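Asks:
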Amino acid sequence: MARVVFDNVRKEYEDSKRGSFTAVAGSSFTIEDKEFVVFVGPSGCGKTTSLRMIAGLEKQTSGDIFIGDRIVNNLHPKDRDIAMVFQDYALYPHMTIRENLSFGLKNLKKPAAEIEQKVRAASAILGFDDMLDRKPRELSGGQRQRVAVGRAIVRDPQVFLFDEPLSNLDAKLRIQMRVELSELHKRLGATIVYVTHDQVEAMTLGERIVVMNKGVIQQIAPPTELYNKPSNMFVAGFIGSPAMNFMDAVVDGGKITIDGGRSFVLSDQTAKALRGYQGKPIILGIRPEHIFGEDFALHVAHDHKMMAPVQVVENLGSENLVYFRVGERTVTAKVHPETTAAVGQLKSFVLDLSKAHYFDPATEQRIVSE
Ligand SMILES: Nc1ncnc2c1ncn2[C@@H]1O[C@H](COP(=O)(O)OP(=O)(O)OP(=O)(O)O)[C@@H](O)[C@H]1O
Ligand SMILES: [Mg+2]
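Each residue of the sequence shown is one higher than the last, beginning at 0 in numbering that gives the first Met the number 0.
Right under this line is the structure:
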């Protein structure tokens with residue numbers, strides 16, 4: 000196994016319509032040996048391009064890529080000792096599962112006994128011993144996906160690369176495969192780079208997550224750090240569901256005044272961090288799970304309370320999502336399922352400001368979190 004290093008890696012595509020287009024704008028990171036790292040971000044942010052540059056399927060415009068101790072800039076994909084699993088994992092339909100698994104190794108002219116041993120080991124790990132003589136069409140989507148992962152395992156690569164491998168599966172199967180991939184990572188002790196646009200998948204699988212937007216890395220951190228200390232408004236809004244609320248506010252002495260006129264006292268530490276913003280606009284970020292209907296806000300200081308008109312109520316069974324209006328913005332609260340809130344009603348909400356974040360409206364960078 001091995002680590003993967005990007006040193007100021009840039010990728011520009013020449014495109015007849017857009018001219019020169021920057022898909023990856025100078026990325027630098029180190030993925031440690033045996034680490035499970037997820038690339039996440041909206042469509043077109045450069046995830047697949049970054050992965051394909053590790054694989055050597057795409058050549059970077061500038062910068063250096065290392066796998067293990069080797070610089071691989073000019074190394075052919077087949078010499079990089081990686082295995083990639085794609086979204087459309089295209090098994091050979093006319094071959095049995097056993098043949099699908101052995102195919103790559105046969106091409107490498109490995110001895111038959113070694114191939115047989117590796118196929119057995121992979122199928123034992125992934126639990127498809129009884130399927131080896133079947134054809135892909137006789138397997139379910141999840142089973143086929145498992146075989147695609149198996150095909151990567153038999154290669155025994157230094158690094159596994161996954162590009163949205165679960166997106167063709169239904170929701171339940173995706174969750175099951177997510178658990179299997181986590182276990183597989185522990186069992187193989189492998190370096191894994193995994194691409195998804197699904198922030199839940201990123202949060203559950205990644206030991207560290209690289210959040211990208213428009214070709215630029217926004218933050219690299221473990222899941223809890225992304226959630227608790229997002230470095231900017233993009234990460235704050237992208238990680239967490241429903242997304243973090245942003246409210247316009249003004250700093251006023253040791254207080255902030257939220258759009259709508261309500262003032263709240265800040266903690267000393269936060270007031271100090273916001274000293275440079277006196278009388279200036281600021282963005283208050285608060286997650287839906289940190290806003291409560293007053294009737295269920297037992298553990299939160301009740302002085303951080305605001306009245307606001309309810310716009311929409313969505314009952315999800317385990318919780319209610321209540322949408323209400325603050326100034327020009329709609330704010331979402333994820334509240335206790337028994338919270339009463341009727342559309343049009345003026346409802347009392349309590350904000351847990353001990354979980355608030357404050358952002359600079361011009362740079363969108365986080366200034367401080369409580
Ligand atoms: N061969 C190419 N030629 C020109 N532009 C390309 C090429 N491949 C990708 N791009 C552009 O580069 C940007 C990044 O593409 P990439 O495939 O890396 O996105 P992604 O983050 O994987 O998105 P998705 O979640 O949709 O798969 C996009 O704007 C895309 O249109
Ligand atoms: Mg992609």
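Just so it is clear, CB atoms sit at the ideal spot from N, CA and C, and this is done for glycine as well.
Every value quoted in this text rests on a predicted model; they were computed, and no experiment measured them.
1) For a minimum of 3 consecutive residues, which ranges assigned as the beta strand (DSSP E) are wholly contained in the region 116-173?
2) How is residue 286 classed by DSSP in three states: helix, strand or coil?
3) Look up residue 175 in the DSSP assignment and give the residues it is bridged to.
4) Just verifying my parser: in three-state terms, what is the DSSP assignment at residue 348?
5) What separation, rounded to the nearest whole angstrom, lies between the Cα atoms of residue 304 and residue 350?
6) Using a Cβ distance threshold of 8 Å, determine whether the region 44-54 contacts the region 74-82, with at least three qualifying pairs required.
7) What number of angstroms, rounded off, separates the C-alpha of residue 151 from the C-alpha of residue 47?
8) Listed in chain order, which residues are found with a beta carbon closer than 5 Å to a heavy atom of ligand 1?
9) Under three-state DSSP, which class holds residue 292?
10) Rounded to the nearest angstrom, what separates residue 19 and residue 25 at their Cα positions?
11) Please list the terminal residues of the continuous alpha helix (DSSP H) segment that includes residue 51.
12) With a threshold of 7 Å, establish whether the CB of residue 258 neighbours any heavy atom of ligand 2.
13) Under 7 Å from any heavy atom of ligand 2, does the C-beta of residue 349 make it?
14) My output table needs one value for residue 222: the three-state DSSP class, helix, strand or coil.
15) Does ligand 2 have even one heavy atom less than 7 Å from the beta-carbon of residue 342?
16) Please find out if some non-hydrogen atom of ligand 2 comes closer than 7 Å to the beta-carbon of residue 330.
17) Report the three-state DSSP secondary structure of residue 356 (helix, strand or coil).
18) With a threshold of 16 other CB atoms inside 10 Å of the CB of residue 306, please say whether the residue is buried or exposed.
19) Tell me the rounded alpha-carbon separation between residue 213 and residue 98.
20) Measure the CB-CB distance between residue 190 and residue 157 and report whether it falls below 8 Å.
21) Using the three-state DSSP reduction, which class does residue 114 fall into: helix, strand or coil?
22) Alpha carbon to alpha carbon, how far is residue 173 from residue 165?
23) Confirm, please, whether the CB-CB distance from residue 325 to residue 258 is below 8 Å.
24) Whole angstroms are fine: how far does the CA of residue 221 sit from the CA of residue 323?
25) Give the DSSP-derived three-state secondary structure of residue 238 in the structure shown.
26) If you run the structure through DSSP and keep just helix, strand and coil, what is residue 32?
Replies: By the coordinates alone:
1) Counting only runs of 3 or more residues that sit fully inside the region 116-173, the beta strand (DSSP E) segments are 158-162, in chain order.
2) The residue you call residue 286 lines up with position 287 of the sequence shown. If DSSP states are grouped into helix, strand and coil, residue 286 belongs with coil.
3) Reading the sequence shown from its first residue, position 176 is the one you call residue 175. Note: residue 175 sits in no beta bridge, so no partner.
4) Looking up residue 348 in the sequence shown gives position 349. Strand at residue 348.
5) Taking the first residue of the sequence shown as 1, we reach residue 304 at position 305. Taking the first residue of the sequence shown as 1, we reach residue 350 at position 351. Between the C-alpha atoms of residue 304 and residue 350 there is a straight-line separation of about 6 Å.
6) At 8 Å Cβ cutoff, the stretches touch.
7) Numbered from its first residue, the sequence shown carries residue 151 at position 152. Numbered from its first residue, the sequence shown carries residue 47 at position 48. Taking the CA atoms as reference points, residue 151 sits about 18 Å from residue 47.
8) Residues flagged by the Cβ proximity filter: 12, 14, 22, 42, 43, 44, 45, 46, 47, 48 and 196.
9) Here the question's residue 292 lines up with position 293 in the sequence shown. In the three-state scheme derived from DSSP, where H, G and I count as helix and E and B as strand, residue 292 is classed as strand.
10) Taking the first residue of the sequence shown as position 1, residue 19 is located at position 20. Taking the first residue of the sequence shown as position 1, residue 25 is located at position 26. One C-alpha to the other measures close to 15 Å.
11) Position 52 of the sequence shown holds residue 51. Here the alpha helix (DSSP H) through residue 51 covers 46-54.
12) To locate residue 258, count along the sequence shown from 1; it is residue 259. Every heavy atom of ligand 2 is 7 Å or more from the Cβ of residue 258, so no.
13) For the purposes of this step, residue 349 is taken as the residue at position 350 of the sequence shown. Checking the Cβ of residue 349 against ligand 2 gives no.
14) Here residue 222 refers to the residue found at position 223 when the sequence shown is read from its first residue. Residue 222: helix per DSSP, three-state reduction.
15) Here residue 342 is taken as the residue at index 343 of the sequence shown, counted from 1. Not under cutoff, so the answer is no.
16) To locate residue 330, count along the sequence shown from 1; it is residue 331. Exclusion of residue 330 from the 7 Å shell around ligand 2 follows from its C-beta lying no nearer than that to any non-hydrogen atom of the ligand.
17) For the purposes of this step, residue 356 is taken as the residue at position 357 of the sequence shown. Three-state result, residue 356: strand.
18) As a position in the sequence shown, residue 306 is number 307, starting the count at 1. Counting Cβ neighbours within 10 Å, residue 306 comes out exposed, since fewer than 16 surround it.
19) As a working note, residue 213 is residue 214 in the sequence shown. As a working note, residue 98 is residue 99 in the sequence shown. Take the alpha-carbon of residue 213 and the one of residue 98: they are about 41 Å apart.
20) The count along the sequence shown starts at 1 and reaches residue 190 at position 191. The count along the sequence shown starts at 1 and reaches residue 157 at position 158. Closer than 8 Å, so yes.
21) Along the sequence shown, read from residue 1 onward, the residue named residue 114 stands at position 115. Here residue 114 carries a helix assignment [DSSP, helix/strand/coil].
22) Translated into positions along the sequence shown, residue 173 becomes position 174. Translated into positions along the sequence shown, residue 165 becomes position 166. Distance between the alpha carbons of residue 173 and residue 165: 6 Å.
23) Looking up residue 258 in the sequence shown gives position 259. Looking up residue 325 in the sequence shown gives position 326. In this structure, residue 325 lies closer than 8 Å to residue 258 by Cβ.
24) Taking the first residue of the sequence shown as position 1, residue 323 is located at position 324. Taking the first residue of the sequence shown as position 1, residue 221 is located at position 222. When rounded, the distance between both Cα atoms is 32 Å.
25) Along the sequence shown, read from residue 1 onward, the residue named residue 238 stands at position 239. Three-state DSSP puts residue 238 in coil, outside helix and strand.
26) To locate residue 32, count along the sequence shown from 1; it is residue 33. Three-state result, residue 32: coil.
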